[in-house]
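Accompanying notes for the structure given below.
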Amino acid sequence: MATVELDEVTKVYPNGVEAVQNVSLEIGDGELMVLVGPSGCGKTTVLRMVAGLEEISDGEVRIGGRVVNDVSPKDRDIAMVFQNYALYPHMTVAQNIGFGLKMRRLPRAEVELKVRNTAKMLGLSQWLERKPAQLSGGQRQRVAMGRAIVREPKVFLMDEPLSNLDAKLRVQMRAEVSRIQRRLGVSMLYVTHDQTEAMTMGDRVAVLLGGVLQQCAAPQELYERPINIFVAAFIGSPAMNLYEGALTPEGTAVSLGSQRLELSEEVRRARPALAAYRGKGVVVGIRPEHISAAAPGDAAALQGDVELLEALGSELLVHFSLDAPFAEVLGAATGSGGSQPEGDDSGSTASAWGVARVDSGTRIRVGERASFAVRAGSMHFFDPHTSMAIWDETPGSGGVPMPAS
Amino acid sequence: MTLQGESAATRPGIELGGRAGARRRGGPTLGRRLRRDPGAVIMFLVLVVVCIVMLYPFAFMIINSLRTETQYLNGSGFSTSSWSGLFSALPVGSELLNSTLICAGSIAIILIGSSAAGFAFAKLHYRRQNVVFLGIIGSMMIPVQSIIIPEYVNLSNVGLVNNYLAPILVYSALGMPFATFLMTVFFRGLPDELIEAALCDGFGYVGVFWRIAVRMAAPALATVTVLQFIQIWDDLLVALLLLQEPANRTITVGLGVLSSGRAVSIPALMAGSLISALPAIIVYLIFQRYLISGLTMGVSR
Ligand SMILES: Nc1ncnc2c1ncn2[C@@H]1O[C@H](COP(=O)(O)OP(=O)(O)OP(=O)(O)O)[C@@H](O)[C@H]1O
Ligand SMILES: [Mg+2]
Chain A
16 MATVELDEVT KVYPNGVEAV QNVSLEIGDG ELMVLVGPSG CGKTTVLRMV AGLEEISDGE
76 VRIGGRVVND VSPKDRDIAM VFQNYALYPH MTVAQNIGFG LKMRRLPRAE VELKVRNTAK
136 MLGLSQWLER KPAQLSGGQR QRVAMGRAIV REPKVFLMDE PLSNLDAKLR VQMRAEVSRI
196 QRRLGVSMLY VTHDQTEAMT MGDRVAVLLG GVLQQCAAPQ ELYERPINIF VAAFIGSPAM
256 NLYEGALTPE GTAVSLGSQR LELSEEVRRA RPALAAYRGK GVVVGIRPEH ISAAAPGDAA
316 ALQGDVELLE ALGSELLVHF SLDAPFAEVL GAATGSGGSQ PEGDDSGSTA SAWGVARVDS
376 GTRIRVGERA SFAVRAGSMH FFDPHTSMAI WDETPGSGGV PMPAS
Chain B
58 MTLQGESAAT RPGIELGGRA GARRRGGPTL GRRLRRDPGA VIMFLVLVVV CIVMLYPFAF
118 MIINSLRTET QYLNGSGFST SSWSGLFSAL PVGSELLNST LICAGSIAII LIGSSAAGFA
178 FAKLHYRRQN VVFLGIIGSM MIPVQSIIIP EYVNLSNVGL VNNYLAPILV YSALGMPFAT
238 FLMTVFFRGL PDELIEAALC DGFGYVGVFW RIAVRMAAPA LATVTVLQFI QIWDDLLVAL
298 LLLQEPANRT ITVGLGVLSS GRAVSIPALM AGSLISALPA IIVYLIFQRY LISGLTMGVS
358 R
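Here you go:
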């Protein structure tokens, strides 16, 4: 058990790709930190640098306070689970799990006991004599976990360990991984590109884009106070609706295309920095779950033509068209389940989409013009130039640099 | 002389492999396929002809080794006298042993050297790696004949002529480049994650090489073994030059001496050729299963 600290870590591959830039991150003792971001953003690279499989170009990695930049993987006391599991095909399940113990010169009986206990914890007891090729994907995944657990390392490193599983098993294993991590109390760095996985598993979540760490916070904070447009669009499912709008000269309302959303005194007070944008453009973000069917007389309401309904059982996703332009999101790929249609994200003034997540009992029909109430207190505002969220600090100051697009 | 050795050992070996593959794939549906597909009929006939061409020398050797000189010339009758003649003319047992020792020694060196080098080329990264690799691949193009005389001088300078070590070293050097190439290709096919998982499991590169890479390389090692065995076992030139004492001779050298004697007995020579071809065939049959998967490795999966 130990902390892991990354201090201004940079990785430049020999071909000149700067995969990771000045990432600083601290994983507390026993903490489950999830590293999330779109494909190619450098997640694996970060993990491999912590594991010692990739040289660190600049900065420092410390495990338990010790600088490990030049320490080989075998001396770092870490255990890694790979995306494709990387089980040793010529060994049985028991041998796979026990392999890491071979170096320790433990008595045979003790190794066997540890392997058996680990297998029991993971429900693998009846497969111990099988070869990996004879196992299902979920079972292989467990063996890979077992191989990591049995050694009782200081740190677990996991690179998208669930991405090869089907949806149902993934949800199941997600809970299992967190449960095991909690039970063993071992620090974990968990990489995924799936924001749902990140949000449900992480004590804290670090969002990476283009090799730059955007924000590292508890899931709830990430959801409520995304630091910039990218994080806002990436976290949450379906993805946040983001439009280019403008604040009225008085600053009491925001215009979206031809429509206006009133901003109450309370909303404005929570965002003092918004005052500086009077009469200027802002990017407005509204989460689908903060839009509901409007009751007559609601202050902040949007009119839209209902184009598509998706029934999810307990809820209903309503896709409606709106005449406000979409805001551009850097690193375009949004999190999983983002149902904002691609195509018209060029910021043109053609009518944009919106998604609302409403109660399944709501009476609404495709083709009708509906009125949607927006929970103004949960709206997000961003600077259209710096992409940074507008709250109380001066906009754009000391923020995280966005990578050049 | 050498020609005989080649046709006896190398070619039928490869042909056997081809047939085994066809059998496994075609299986019981061969008849049906032949009826449906005229292309298959042509292919089948071609293969039958090739088979006859390949197997004829064998039949010729077996039949004529069972005849006396006169029976051979007349083309009829059978006798085992040529076999007893062979055993009295040649120390067959000790010559087979010499061949085996030299083969085993060279192959051991080649396996160790080529698997270690192949692993390094495939999985370790260091400066000028490609240059070294190209150098080794390039050395495959050097013919034995061009270096054997200087090699002889070198070995005689260090007093190794007539020592088993001399041909062992020369065969190892000759076989190493191709074996290294083969092992490199094989190890490149192993996923990096496997190596990295073992590194994380607490092993250094030596441990990873020995406990993971070598254990998984069985097909490639078998391929190297068979190919080198056939080559070394059949070689005449190197053994003839470097082992001149009669007691040191290998079986091919023994047969060479026999055939260059004044009274050449064709049936005895046939018997000797059969004996010398058998080990190569046996080794081939043992490793055949691996050999096929080794030569086609990386093609699928
Ligand atoms: N060995 C390498 N040499 C050169 N560039 C590399 C190497 N490995 C990765 N990269 C580049 O570094 C960047 C980050 O790669 P990385 O594998 O860390 O992404 P990732 O976030 O893990 O993506 P994914 O979700 O697809 O696994 C990519 O642009 C990739 O092309
Ligand atoms: Mg990755």
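Respectively, the protein sequence lines represent chains A and B.
Just so we're aligned: the first sequence equals residues 16 to 420 in the working numbering.
Just so we're aligned: the second sequence equals residues 58 to 358 in the working numbering.
Ideal placement from N, C-alpha and C gives every residue a C-beta, glycine not left out.
query	result
Does L324/A have its Cβ less than 9 Å from a Cβ in chain B?	no
Ordered along the chain, which non-local residues of its own chain (more than five positions away) have a Cβ less than 8 Å from that of L237/A?	M214, V220, V222, Q230, V246 and I250
When you measure from the CB of Q98/A to every non-hydrogen atom of ligand 2, does any distance come out below 8 Å?	yes
Name the DSSP beta bridge partners of M95/A, please?	L172/A
Could you list which residues in chain A have their beta carbon closer than 9 Å to that of E253/B, in chain order?	R63, A66, L68, P88, M95, F97 and A101
Between the stretch 172-184 of chain A and the stretch 72-80 of chain A, are three or more C-beta pairs nearer than 8 Å?	no
If I measure Cβ to Cβ from I167/B and keep anything under 7 Å in the same chain, skipping five residues before and after, which residues do I get?	S229, G232, M233, A236, V281 and Q285
Which residues end up in the neighbourhood of ligand 1 when you take C-beta atoms closer than 5 Å to any of its heavy atoms?	Y28/A, N30/A, V32/A, A34/A, S54/A, G55/A, C56/A, G57/A, K58/A, T59/A, T60/A and H208/A
What residues in its chain sit with their C-beta under 8 Å from that of T107/A, if we drop five residues either side in the sequence?	L143, E144, R145 and K146
Span of the alpha helix (DSSP H) holding D291/B?	A275 to D291
Please list the terminal residues of the continuous beta strand (DSSP E) segment that includes T207/A.	S202 to T207
Of all Cβ atoms in chain A, is any one closer than 9 Å to the Cβ of F344/B?	no
In three-state DSSP terms, what is N243/A?	strand
Hey, is E325/A close to ligand 2, as in C-beta under 8 Å from one of its heavy atoms?	no
Go through the stretch 151-195 of chain B residue by residue and report every complete run of the alpha helix (DSSP H) that reaches 4 residues or more, in order.	186-195
Heavy atom of ligand 2 less than 8 Å from the Cβ of D85/A, yes or no?	no
With burial defined as no fewer than 16 other Cβ atoms inside 10 Å of the residue's Cβ, what is the status of T133/A: buried or exposed?	buried
Which residues bound the alpha helix (DSSP H) around A66/A?	K58 to A66
Just to confirm the assignment, what range does the beta strand (DSSP E) spanning Y258/A have?	N256 to L262
Measuring straight from C-alpha to C-alpha, what distance separates Y183/B and C257/B?	21 Å
If V130/A sits next to A109/A, beta carbons under 8 Å apart, how far is it from one beta carbon to the other, in whole angstroms?	5 Å
Spell out a yes or no on whether the stretch 88-102 of chain A and the stretch 241-257 of chain B are touching, meaning 3 or more CB-CB pairs, one atom from each, closer than 8 Å.	yes
Taking buried to mean at least 16 other C-beta atoms within 10 Å of its own C-beta, is Y113/B buried or exposed?	exposed
Is it a yes or a no for the stretch 195-210 of chain B touching the stretch 272-281 of chain B, going by three-plus beta-carbon pairs under 8 Å?	no
Buried or exposed for S203/B, please, with buried defined as at least 16 other CB atoms from any protein chain shown within 10 angstroms of its CB.	exposed
Inspect the beta-carbon positions of G153/A and M188/A and report whether they are closer than 9 Å.	yes
Identify which residue in F344/B, L239/B, D291/B and R268/B has its Cα closest to the Cα of M118/A.	R268/B
Helix, strand or coil for G246/B per DSSP?	helix
Does F244/B get closer than 9 Å to chain A when you measure Cβ to Cβ?	no
For F260/B, return the contacting residues in chain A, with the cut-off set at a CB-CB distance below 7 Å.	K89 and M118
Pop quiz: N179/A and N99/A are said to be a contact at Cβ under 8 Å. What is the actual Cβ separation, rounded to whole angstroms?	7 Å
Based on the DSSP output, what are the partners of F335/A in its beta bridges?	V321/A and G369/A
For chain A, find out if any of its Cβ atoms is closer than 9 Å to the Cβ of R306/B; answer yes or no.	no
Name, please, each residue of chain A whose Cβ falls closer than 8 Å to the Cβ of E208/B.	Correct list: empty, because the minimum Cβ distance to chain A is about 39 Å.
Taking 9 Å as the cut-off, decide whether the C-beta atoms of D407/A and R286/A are in contact.	yes
Would V340/B count as contacting chain A if we go by Cβ distances under 9 Å?	no
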